[in-house]
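Asks: Each residue of the sequence shown is one higher than the last, beginning at 19 in our numbering. We treat Cβ as the ideally placed atom computed from N, Cα and C, and that holds for glycine.
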Amino acid sequence: MINIKENEKLNMLNHSCAHLLAHAVKHLYPNAKFWVGPVVENGFYYDIDLGDDVLKEEDLLKIEKEMKKISKSNKLIKRIELSKDEALDLFKNDPYKIDLIENMEEDTCITAYKQDDFIDLCRGPHMESTKSMKYFKLLKFSGAYYKGDSNNKMLQRIYGIC
């Protein structure tokens, strides 16, 4: 079996698809906050704070449907470079992103990726548009502590593959 994390093209595709997932979640749960969405050996996941909402099995299909809608809309994925101050201002209402940004060096060039009305911190790279993510499946969800620490808030982790 191919290790997606070690295959350059599949890595980029799956990482872009993680952002597609987050984009869809943000449409369906406007108050959602996002921690991290890395590529793993067999796909990707995203850790999400949905506030009082708790995912159910049928929610994965609802999220997939929104992902397909965004994918078909062929939104360009644009890389944005930010100073630390610009990033802090842009993500001022997101405690998870503020935590990441505050731990970066002062002169760091911070990058974010934007697709339509969704933007997230990210090193990249990404696909050129959402249209290239046609074939994906959300596999499961679980709980995951913020920063892997059981003293922190429990987030909801959604796994998928593209």
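Please classify I22: is it buried, with 16 or more other beta-carbons within 10 angstroms of its beta-carbon, or exposed?
Replies: Counting from 1 along the sequence shown, the entry for residue 22 is found at position 4. Its Cβ being crowded by 16 or more others within 10 Å, I22 is buried.
Asks: For the alpha helix (DSSP H) that K93 lies in, which residues bound it at each end?
Replies: For this step, residue 93 is matched to residue 75 along the sequence shown. Unbroken run through K93: none, as it is neither H nor E.
Asks: What does DSSP give as the partner residues of R97 in its beta bridges?
Replies: Position 79 of the sequence shown holds residue 97. The partner list for R97 (beta bridge, DSSP) reads Y131.
Asks: When the Cα of E24 is compared with those of L79, F62 and Y47, which residue comes out closest?
Replies: If you number the sequence shown from 1, residue 24 lands on position 6. Nearest option by C-alpha distance: F62.
Asks: Thinking I116 and L108 are a contact (beta carbons under 8 Å), I'd like their distance in whole angstroms, please.
Replies: Residue 116 sits at position 98 when you count from the first residue of the sequence shown. Residue 108 sits at position 90 when you count from the first residue of the sequence shown. With a Cβ gap of about 10 Å, I116 and L108 do not count as contacting.
Asks: Are there 16 or more other CB atoms within 10 angstroms of the CB of L220, so buried, or fewer, so exposed?
Replies: Outside the displayed span of the chain (19 to 180) sits residue 220, for which this structure offers no information.
Asks: Measure the CB-CB distance between E82 and L156 and report whether it falls below 7 Å.
Replies: Within the sequence shown, residue 82 is the residue found at index 64, counting from 1. Within the sequence shown, residue 156 is the residue found at index 138, counting from 1. Yes.
Asks: Contact between the segment 160 to 170 and the segment 135 to 146 is defined here as three or more beta-carbon pairs at a separation below 8 Å; is this criterion met?
Replies: Verdict: no, contact absent.
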